[in-house]
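Structure, as C-alpha cells:
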Amino acid sequence: MSKAEPIVTRIAFVASDRPEAQEACARLAERYGDARDRAQVVVALGGDGFMLETLHSRMADGAPIYGMNRGSVGFLMNEYSEDDLLERITAAERAVIHPLRMHATDAGGETHDALAFNEVSLLRQTRQTAKLRISIDRKVRLAELVCDGALVSTPAGSTAYNLSAHGPIIPLDARVLALTPISAFRPRRWRGALLPHSSKVAFEILEADKRPVSAVADNYEVRDVVRVDIAEDREIGLTMLFDAGRSLEERVLAEQFSG
100 MSKAEPIVTR IAFVASDRPE AQEACARLAE RYGDARDRAQ VVVALGGDGF MLETLHSRMA
160 DGAPIYGMNR GSVGFLMNEY SEDDLLERIT AAERAVIHPL RMHATDAGGE THDALAFNEV
220 SLLRQTRQTA KLRISIDRKV RLAELVCDGA LVSTPAGSTA YNLSAHGPII PLDARVLALT
280 PISAFRPRRW RGALLPHSSK VAFEILEADK RPVSAVADNY EVRDVVRVDI AEDREIGLTM
340 LFDAGRSLEE RVLAEQFSG
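Using the numbering used here, the first residue of the sequence shown is number 100, and each one after it goes up by one.
Written out as C-alpha cells, the structure is:
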C-alpha cells in the first residue's frame with residue numbers, strides 16, 4: 100500500500116493461544132474495533148507458526164495479513180506496537196507469496212493433498228536413515244539420497260527450516276525454489292540445488308517398508324509415504340504486509356549478512 104491510498108479502517112484481529120497474544124488481541128479489538136468478515140486487513144498476533152496458520156485459514160477471502168510479534172519467533176512478523184496501527188498498515192509494503200502444493204501417496208495407496216507456504220519436508224520416521232530418489236520434471240537427478248530427509252522450500256520459507264538445514268536464503272523475487280537435504284549421509288557432500296520455480300519435484304521413497312518416511316507440508320503431516328510430488332501453485336497468491344522500510348525482501352537480504 101502507498102500513503103496516497105485511503106487509510107485502512109476495518110481490521111479483523113486473530114491471535115495465537117499464547118496469553119500475551121490473547122491479551123493484546125482484546126486490547127486492540129477494543130481500541131480499533133473488530134470488523135471480522137468485513138475486514139480490509141487481518142492482523143495476526145503471535146509468532147511465525149501462527150502466521151502460517153493464518154495464511155492457511157484466510158485463503159478463501161484473500162485479505163492482506165499484517166502480523167505483529169507476540170510469539171517466540173517473529174521473522175514473518177512486524178514489531179508489536181498498539182499505537183498508530185491504522186497508519187502503519189496503510190503505509191505498509193506488500194509481499195505476495197505463492198505456496199507449494201504437495202501430492203503424497205501413502206503405503207496404503209491413499210493420496211493426500213496439502214499446501215505449504217514455507218516448505219514441504221520429508222523426514223525419516225525411525226532410527227533407520229531414509230533412502231530417496233529425486234526426479235525433477237520427470238528426469239531422475241539423484242538415484243539415491245541416504246539422509247535424515249529432504250525439503251523443498253519457497254523463497255518466503257527459505258529462512259526457516261531450510262536455513263537450519265544449511266540451505267540457501269532466497270530473495271522473494273528470485274523465482275526459484277530450494278531443494279535441500281537434511282543430514283545427507285550419501286552422497287555426503289551434496290548440498291542441494293536451486294530450481295526454477297516452475298519445476299516439478301518428485302520424491303520416491305526407496306525401501307519404504309524398512310525405512311518409513313513422513314511428509315510434512317507446513318503443519319500437515321502424512322505418515323508412511325511412498326511418493327511425494329511437489330510444485331508451486333501460482334494460482335494462489337496471498338499478500339503479507341510489512342512496515343515501511345522493513346519489507347520481507349529487506350529482511351531476507353539482511354539475514355544473509357547476519358552473524
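The beta carbon of each residue, even a glycine, is placed where N, CA and C say it ideally should be.
Does residue i come out as helix, strand or coil in the three-state DSSP assignment?
i, result
"E192", "strand"
"D323", "coil"
"R76", "The first residue shown for the chain is 100 and the last is 358, placing residue 76 beyond what the model contains."
"D328", "strand"
"Q121", "helix"
"I106", "coil"
"E129", "helix"
"E64", "Absent from the model: residue 64. The displayed extent of the chain is 100 to 358, so no value can be given."
"D136", "helix"
Just reading off the beta strand (DSSP E) that residue i is part of, what are its end residues?
i, result
"D272", "Segment: none, D272 is in no beta strand (DSSP E) and carries neither H nor E."
"Y179", "Per DSSP, Y179 belongs to no beta strand (DSSP E) and is neither H nor E."
"N168", "164–168"
"V312", "312–316"
Note the first and the last residue of the continuous alpha helix (DSSP H) segment covering residue i.
i, result
"T153", "147–156"
"L350", "With the sequence shown as reference, residue 350 is identified as Arg, and Leu is not the correct amino acid for it. Element bounds for R350: 347–354."
Short of 7 Å in beta carbon distance, which residues of its chain neighbour residue i, apart from the five on each side in sequence? Order them along the chain.
i, result
"A273", "P254"
I want to check one thing, is the minimum distance from the CB of residue i to the heavy atoms of the ligand ZN below 7 Å?
i, result
"R226", "Ligands in the displayed structure: none, and consequently the ligand ZN is not present."
Could you name the residues of the same chain whose beta carbon sits closer than 6 Å to that of residue i, not counting the 5 residues immediately before and after it, in chain order?
i, result
"H202", "D212, D328"
"Q121", "A114"
"H155", "none"
"L144", "A114, A120, A123, C124, M167, R169"
"S180", "none"
"A103", "Residue placement at A103 cannot be trusted, given a pLDDT of 46 that sits under 50; what the coordinates show is reported in the next sentence. Same-chain partners within the cutoff: there are none."
Excluding the 5 residues flanking residue i on each side, which residues of the same chain have their C-beta closer than 8 Å to its C-beta?
i, result
"I188", "M100, V107, I110, V140, V142, Y165, L340"
"V351", "P254, S257, T258, I268, I269, P270, L271"
"V68", "There is simply no residue 68 to check, as the chain begins at 100 and stops at 358 in what is shown."
"R237", "K299, A301"
Bridge partners of residue i, per DSSP?
i, result
"A292", "L278"
"L305", "K230"
"A114", "L144"
"F341", "E192"
"V300", "I235, I329"
| field | Sequence ranges, alpha helix (DSSP H) only - wholly within the segment 194–264, length at least 4 | value | Those alpha helix (DSSP H) runs which fall completely within the segment 194–264 and span 4+ residues are 260–263.
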